[in-house]
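Working notes, beginning with the structure itself.
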Amino acid sequence: AQKVTQAQTEISVVEKEDVTLDCVYETRDTTYYLFWYKQPPSGELVFLIRRNSFDEQNEISGRYSWNFQKSTSSFNFTITASQVVDSAVYFCALSPYYNNDMRFGAGTRLTVKP
Amino acid sequence: KAGVTQTPRYLIKTRGQQVTLSCSPISGHRSVSWYQQTPGQGLQFLFEYFSETQRNKGNFPGRFSGRQFSNSRSEMNVSTLELGDSALYLCASSPGQGSGGYTFGSGTRLTVV
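Protein sequences appear in the order of chains A and B.
Just so you know, we're using our numbering here: the first sequence kicks off at 20 and counts up by one.
Just so you know, we're using our numbering here: the second sequence kicks off at 653 and counts up by one.
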């Protein structure tokens, strides 16, 4: 069975603060994908990143960075110098390598105040 | 390159009615999945279609059904609507199975009254 836990329901920060969104997952598969999606108020899920289970290198994309630690089954997402436009609900998700059955966490609502 | 298109964007139906939602995937994508999003249950997987065949199914009653056409377009149908079916229904497409993630549409917001 697959499960994704995002323990932080809501986070509120002031612009320019750094913020980390936590994601912990469970799976019996040895190979899998992990994802982060952003959902702005418009409702569409916007793809941010995909990692596969055998690539534990951290990744940085502009103000975004991701820390994948297989030993702790965690895939955390950090936004550096947050901006008001970062306000959204962020979802972590997991899927097996062999199909597209994605399981999402409950999401973390991030509010960035000016 | 056009994204995933879902129609209609908004829908209001009465309890007991049925509804059909449509999804056009990205050109060339053969896998289409549907998700239901509600405040209480979050994002829940409904089903996945690949090459006109249902490949995976989530834990939803038989009132929820879907199909995929030869051009990869997909429809989902909900019969005998209940108030609890009010939700945002998201469609997503992927090149194939195990492709590593989806591109999502903007969703259809269904309200059952």
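All C-beta atoms in this analysis are idealised placements derived from N, C-alpha and C, irrespective of residue type, glycine included.
When the Cα atoms are used, B:Gln658 and A:Thr127 turn out to be separated by approximately 25 angstroms.
Shown here for B:Asn729: same chain residues with a beta carbon closer than 6 angstroms to its own, the five before and five after excluded, namely Thr672, Ser717 in chain order.
At a cut-off of 9 angstroms between C-beta atoms, B:Glu727 does not count as an interface residue with respect to chain A. Fewer than three pairs of CB atoms, one per stretch, sit closer than 8 angstroms, so the stretch 659-669 of chain B makes no contact with the stretch 41-59 of chain A. For the stretch 107-131 of chain A, the set of residues with a beta-carbon nearer than 9 angstroms to any beta-carbon of chain B comprises Phe110, Ala112, Ser114, Pro115, Tyr116, Tyr117, Asn118, Asn119, Asp120, Met121, Arg122, Phe123, Gly124, Ala125, Gly126, in chain order. Proximity of B:Asn711 to chain A, defined by a Cβ-Cβ separation below 9 angstroms, is not satisfied. Listed in chain order, the positions of the stretch 686-719 of chain B with a beta carbon within less than 7 angstroms of a beta carbon of chain A are Gly694, Leu695, Phe697, Glu700, Arg707, Asn708. Taking a Cβ-Cβ threshold of 8 angstroms, the residues of chain A close to B:Gly757 are Glu63, in chain order.
In this structure, A:Glu29 lies near A:Leu129, with their beta-carbon atoms less than 9 angstroms apart. Secondary structure note for B:Pro660: it is in no beta strand (DSSP E), with a DSSP letter that is neither H nor E.
Under the three-state reduction of DSSP, A:Thr91 is assigned to helix.
Between the alpha carbons of B:Thr760 and B:Trp686 lies a distance of about 11 angstroms. Counting only the Cα atoms, B:Gln670 lies some 43 angstroms from A:Thr97. The distance from the Cβ of B:Gly757 to that of B:Leu742 is about 6 angstroms, consistent with a contact at the 8 angstroms cut-off.
The C-beta of B:Ser746 comes closer than 9 angstroms to at least one C-beta of chain A.
Check the Cα spacing between B:Thr690 and each of B:Leu740, B:Thr732, B:Leu733, B:Ser731: the tightest is with B:Leu740.
In the three-state DSSP reduction, A:Leu64 falls in the coil class, being neither helix nor strand. Residue-level contact by beta carbon fails for B:Ser676 and chain A, as no gap is shorter than 9 angstroms. Interface criterion met: the Cβ of B:Ser683 is under 9 angstroms from a Cβ in chain A. Residue-level contact by beta carbon holds for A:Tyr56 and chain B, with a gap shorter than 9 angstroms. Counting only runs of 3+ residues, the beta strand (DSSP E) found wholly inside the stretch 684-760 of chain B occupies 694-702, 705-709, 716-720, 726-730, 739-746, in chain order. Note that the stretch 719-739 of chain B does not touch the stretch 99-116 of chain A; fewer than 3 beta-carbon pairs, one per stretch, sit closer than 8 angstroms.
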